[in-house]
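Everything on this sheet refers to the single structure shown next.
In our numbering, the protein residues as written are 32 to 96.
Written out as structure tokens, the structure reads:
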């Protein structure tokens with residue numbers, strides 16, 4: 032038996048809404064290596080674990096304060 036998966040997967044638009052940033056910011060996080068795509072949807076868009084999105088958003092917010 033394997034452990035739990037990455038949880039809900041979201042595209043960059045949904046990730047941006049959740050993190051209260053622009054979709055380009057989410058794509059930038061991925062390009063910089065802060066977020067790792069967990070797969071792709073039927074249209075070929077990258078999917079990210081929602082928990083990872085929240086973690087990156089929180090760490091970026093802490094860095095700005």
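All C-beta atoms, glycine included, are put in the ideal place defined by N, C-alpha and C.
Cα-Cα separation, residue i to residue j
| i | j | result |
| --- | --- | --- |
| residue 58 | residue 39 | 18 Å |
| residue 47 | residue 82 | 13 Å |
| residue 74 | residue 93 | 34 Å |
| residue 37 | residue 79 | 9 Å |
| residue 43 | residue 70 | 12 Å |
| residue 67 | residue 77 | 9 Å |
| residue 54 | residue 41 | 12 Å |
Among the options, nearest to residue i - alpha-carbon criterion
| i | options | result |
| --- | --- | --- |
| residue 91 | 70, 65, 45, 54 | 65 |
Limits of the unbroken alpha helix (DSSP H) element including residue i
| i | result |
| --- | --- |
| residue 46 | 43-50 |
| residue 68 | Segment: none, residue 68 is in no alpha helix (DSSP H) and carries neither H nor E. |
| residue 37 | Residue 37 -> no alpha helix (DSSP H), and no H or E assigned at all. |
Beta strand (DSSP E) segment containing residue i, residue limits
| i | result |
| --- | --- |
| residue 80 | 77-80 |
With 16 other Cβ atoms within 10 Å as the buried cut-off, status of residue i
| i | result |
| --- | --- |
| residue 89 | exposed |
| residue 62 | exposed |
Cβ neighbours of residue i in the same chain (closer than 8 Å, five flanking residues each side left out)
| i | result |
| --- | --- |
| residue 85 | 49, 50 |
Nonlocal neighbours in the same chain, by C-beta distance under 7 Å from residue i, ignoring five residues either side
| i | result |
| --- | --- |
| residue 72 | 42, 78 |
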